[in-house]
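There are 2 protein chains.
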Amino acid sequence: MNAQRVIAELRELASRTGTADGAQRLAWGPVWRDAREWFRGKVAELGLRVDTDAAGNNWVTLPGTSPKTVIVGSHLDSVPNGGWLDGALGVMAALEALRMHVATQPPVTLKLVDWADEEGARFGRSLLGSAAAAGSLKIDDVRELKDRQGTRLVDALAENGVVLDQMLDAHRALKTIDAGAYLELHIEQGPVLESMQKSTGVVLGTFGVERHMLRFTGQAAHSGSTPIPMRRDAFLAAAQTALECREIAKRHSKPGAGVVCTVGIVNVEPKIVTAVPGVCEISLDQRALDPHVLAAMLRDAHDASDRAARDNNVAVEWRDLWKINPRPFDPALVQLCEDAVREETGEAPRLPSGPLHDAAEMVPHMPVVMMFAYSSNGLSHCKEEDTPREHLERTICAFLRLVQKTVQHVAHNEERKGREGRKETTGL
Amino acid sequence: MNAQRVIAELRELASRTGTADGAQRLAWGPVWRDAREWFRGKVAELGLRVDTDAAGNNWVTLPGTSPKTVIVGSHLDSVPNGGWLDGALGVMAALEALRMHVATQPPVTLKLVDWADEEGARFGRSLLGSAAAAGSLKIDDVRELKDRQGTRLVDALAENGVVLDQMLDAHRALKTIDAGAYLELHIEQGPVLESMQKSTGVVLGTFGVERHMLRFTGQAAHSGSTPIPMRRDAFLAAAQTALECREIAKRHSKPGAGVVCTVGIVNVEPKIVTAVPGVCEISLDQRALDPHVLAAMLRDAHDASDRAARDNNVAVEWRDLWKINPRPFDPALVQLCEDAVREETGEAPRLPSGPLHDAAEMVPHMPVVMMFAYSSNGLSHCKEEDTPREHLERTICAFLRLVQKTVQHVAHNEERKGREGRKETTGL
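As structure tokens, this is what we get:
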């Protein structure tokens, strides 16, 4: 268990595939391919090899006594001008986990996975490789995607040996794995651990998201000649709704089960200094880990927008943008993760993940847990992204400890099942 | 006194210089020139002539017994796709006022003025001709103005015989007029008279305006990973300020002395659905007729924005856009206007003017009053602009009555001054 080595390799990868502006491992591009080539060399040093599935995900298998498998992974791709740890931390820690077990055959099989195109930074579809492996990718949804230069996703995939219409073969491949656990280490990309001054967090699951556009329609009017009581100001209705939605989120937050809500897009029309806005459109992004809480937040937001519309004599229409159900992680693995983090760092703060991760795609298929590392200033997707060295070392150690515990846990479950199976046979 | 004739001439002008999309008398363009040519013909029928001053304003003089002068006017130019009454109503009613007096020499001189480029629709500087006549125009402020096609104001003026650097000669010309009153009839361009079901309103003055941009700066953050208590949401600070400014305006409004306040522009950054806005800019346009009230509203808005910034852990900066002092009209003329409106329509609602008008430019130079006509649905600057016929007739009659009263009033003042002057002379 060598956290220093993991950090050294992360530095090596950063200097090889980054610039002064940050990491440049954009999925399907030459720098990303170079990063994977470098990684292939690291894997070869362990006497192992990289296999690529039909969706471009890279797998490394360390066979154990049992075919029962613990999967450990993350992604090597980055956004343009990205951070050195986002994704790469999880992959390099996973490699160290394999190294720890390569000398002696482990009781269960270990697989490392480097998911392809987690970020979706070029074509706008994140979790592309893991969604294909999970079988949740709708090929037709991405068939026409192009990047800003007009290059088609299908052509970028082909350049990397991936055939769009065969990507779901990765799902068939995943189903052949007898998976007992999926573990992923990631930088938090948020300010929670930093605010608590904790190195490492136990992730409870990924938030469910309800994302909508709300369009308020009143009447544009001259800012000088229209008395306030006669106005139908669409912006003020939207402003009232946005403030009320924050109160709704506060009301539904409980200690350790915070929820969030964000108005990120605001558009007013006619957008001139001398006109009362006749139209205002806002995006509303609500997130919670508990599906019942998320549903209640959405109902409350509907009520708030109706009330604001009434108060301002305007109309409001909702339009769905996107939704995803919460993906709570496996309670037994969350407990193992908590034990590992506590043993390494003394305490084990639990937090939900706001951003999605490849781990979320694995939830329907196997027990999953994630661990988060402290994120300086909560910054990610930028060159400033960092985890201070002492927090990083501790977190890597905690994660490797989690892998060991999980291997033991899965092996133990297998043994018990085996004993029960033998008992049943004996009983016949 | 023939309101029907005024309406018939307005219809004639509309059909000559409008399209199915509305009035097209854009200042300095061919349709506007054609409208003025048509008007010149109407003036010639009275045996009078049009004189153009150095700013392109057209004047018609009907000499009276005294050189003391009552000026009556408005503007023939319109916005593109504008209304048939905005501006033209005041000019055609002024022409009827001259007609009323042309048969017999009036006791005071009457002047009609058709101001050039009230709308500023092409070059963005409204009240151009009246500001030049008032001496408030800063030539250097408009020297570099261009329209959307890149044509320079200076060239558009030259096409119409106006030399930019000589425009202020119009001010010297105005100062030679011994003006006792300026009267202007205009369509309200707002919903107040309609809401009271009144044909005609007495205008108390034009609002003072305080116009600012407020820039709230917080910190952009991921909408999923940033707990609400840790956010620095610039939009929510702006939303809170906007709602609070409306309350401030309500608090400062008194019956018959309403004030207004409008947030018309809203810009958020980075303006993506998954990011807490790190920056939000809003315009704030506050208007009141009482300068003390306007100053108090501005102070309260500053306090509100500071409080909202504090509450949301963001910074706020104010940037001046524009201001103009309130221009209250002359109390004696307001009283005459009230009498005229009451005699014609039974009641005389008083209201401030939210939009500016050429009349505002005359306030520092002579006693001024305006009269407003009912505006259907409060709409203006569009082809739907209208005053229903019965309201229009009554309003024109009230205005012509106001001209008569003002002529008598100014003549009477002159006589009294004459008598007092003679007494003084006798006393010596």
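If you read the protein sequences in the order shown, they are chains A and B.
Residue 482 in my numbering sits at position 353 of the first sequence, with consecutive numbering throughout.
Residue 516 in my numbering sits at position 387 of the second sequence, with consecutive numbering throughout.
Ideal Cβ placement from N, Cα and C applies to all residues, glycine included.
Since B/Lys-304 is in the alpha helix (DSSP H), which residue starts that stretch and which ends it? 298–304
Chain A within 8 Å of B/His-439, Cβ atoms only: According to the sequence shown, residue 439 of chain B is Arg rather than His. With 8 Å as the cut-off, B/Arg-439 does not count as an interface residue toward chain A.
Within-8 Å CB hit, B/His-351 to chain A: yes
Residue from B/Gly-387, B/Leu-191 and B/Ala-156 with nearest C-alpha to B/Ala-173: Scanning B/Gly-387, B/Leu-191 and B/Ala-156 for the CA closest to the CA of B/Ala-173 turns up B/Leu-191.
Here's the rule I'm using: 16 or more other beta-carbon atoms within 10 Å means buried, otherwise exposed. How should A/His-300 be labelled? buried
Out of B/Thr-535, B/Arg-530, B/Ser-504 and B/Val-199, point me to the one whose CA is closest to B/Glu-323's CA. Selected option, being the one with the closest Cα: B/Ser-504.
Note down, in chain order, every chain A residue with its Cβ under 8 Å from the Cβ of B/Phe-336. Gly-353
In chain A, what lies closer than 8 Å to B/Ile-401 by C-beta? Gly-393 and Ile-394
What's the gap between the Cα of B/Asp-215 and the Cα of B/Asp-294? 29 Å
I want to know whether the stretch 519–539 of chain A touches the stretch 217–235 of chain A - three or more CB-CB distances under 8 Å. yes
Test: A/Lys-512 CB closer than 8 Å to a CB of chain B: False, the Cβ-Cβ gap to chain B never drops below 8 Å.
Suppose you measure from the CA of B/Pro-420 to the CA of A/Gly-334; what does that come to, to the nearest Å? 58 Å
Exposed unless 16 or more other CB atoms sit within 10 angstroms - verdict on B/Ile-377: buried
A/Glu-628 and A/Asp-459: beta carbons closer than 8 Å? Residue 628 of chain A falls outside the range modelled here, since chain A spans only 130 to 557, and no answer is possible.
Is it a yes or a no for the stretch 356–367 of chain A touching the stretch 407–417 of chain A, going by three-plus beta-carbon pairs under 8 Å? yes
Hey, which unbroken runs of the alpha helix (DSSP H) at 4 residues or more fall wholly within the stretch 377–442 of chain A? 420–440
Report yes if the C-beta distance between B/Leu-450 and B/Gly-337 is below 8 Å; otherwise report no. With contacts defined by Cβ atoms closer than 8 Å, B/Leu-450 and B/Gly-337 do not form a contacting pair.
Mind checking if A/Ile-453 is an interface residue toward chain B, Cβ cutoff 8 Å exclusive? no
Would you say B/Gly-151 faces chain A, with C-beta separation under 8 Å as the test? no
For the ligand FMN, is there a heavy atom less than 7 Å away from the beta-carbon of B/Arg-545? As far as ligands go, the structure on display features none, and thus does not contain the ligand FMN.
In whole angstroms, what is the alpha-carbon distance linking A/Leu-521 and A/Val-395? 38 Å
Return the chain-ordered ranges of every beta strand (DSSP E) run that is complete within the stretch 487–545 of chain A and spans a minimum of 3 residues. 497–502
In whole angstroms, give me the CA-to-CA distance for A/Val-536 and A/Lys-197. 10 Å
Identify whether B/Gln-133 lies in helix, strand or coil by the three-state DSSP scheme. helix
Buried versus exposed call for B/Thr-194 [16 or more other C-beta atoms within 10 Å across all chains shown]: exposed
Residues from the stretch 298–321 of chain B in contact with chain A, defined by Cβ distance under 9 Å: When CB distances to chain A are screened at a threshold of 9 Å, the residues of the stretch 298–321 of chain B falling below it are Glu-317, Gln-318, Gly-319, Pro-320 and Val-321, in chain order.
Would you call B/Ile-525 buried or exposed, if buried means 16 or more other Cβ atoms sit within 10 Å of its Cβ? buried
Chain A beta carbons: is any one of them nearer than 8 Å to that of B/Ala-579? Because chain B in this structure spans residues 130 to 557, residue 579 of chain B falls outside the shown range and cannot be described.
Top-ranked residue by Cα proximity to B/Arg-254, from B/Thr-238, B/Pro-235 and B/Val-283: Nearest C-alpha to B/Arg-254: B/Val-283.
Please classify A/Val-292: does DSSP put it in a helix, a strand, or coil? coil
Closer than 8 Å, CB to CB, is B/Ile-200 near chain A or not? no
Please decide whether A/Gly-385 counts as near chain B, where near means a Cβ-Cβ distance under 8 Å. no
Please check if any C-beta of chain B sits within less than 8 Å of the C-beta of A/Val-405. yes
Rounded separation between A/Ala-430 and A/Glu-373 - CA only: 8 Å
For B/Leu-139 versus B/Ala-245, is the C-beta distance shorter than 8 Å? Cβ atoms of B/Leu-139 and B/Ala-245: not closer than 8 Å.
If the cut is a Cβ gap below 8 Å, which residues of chain A does B/Val-397 touch? Going along chain A in sequence order, the residues near B/Val-397 (Cβ under 8 Å) are Gly-393, Ile-394 and Val-395.
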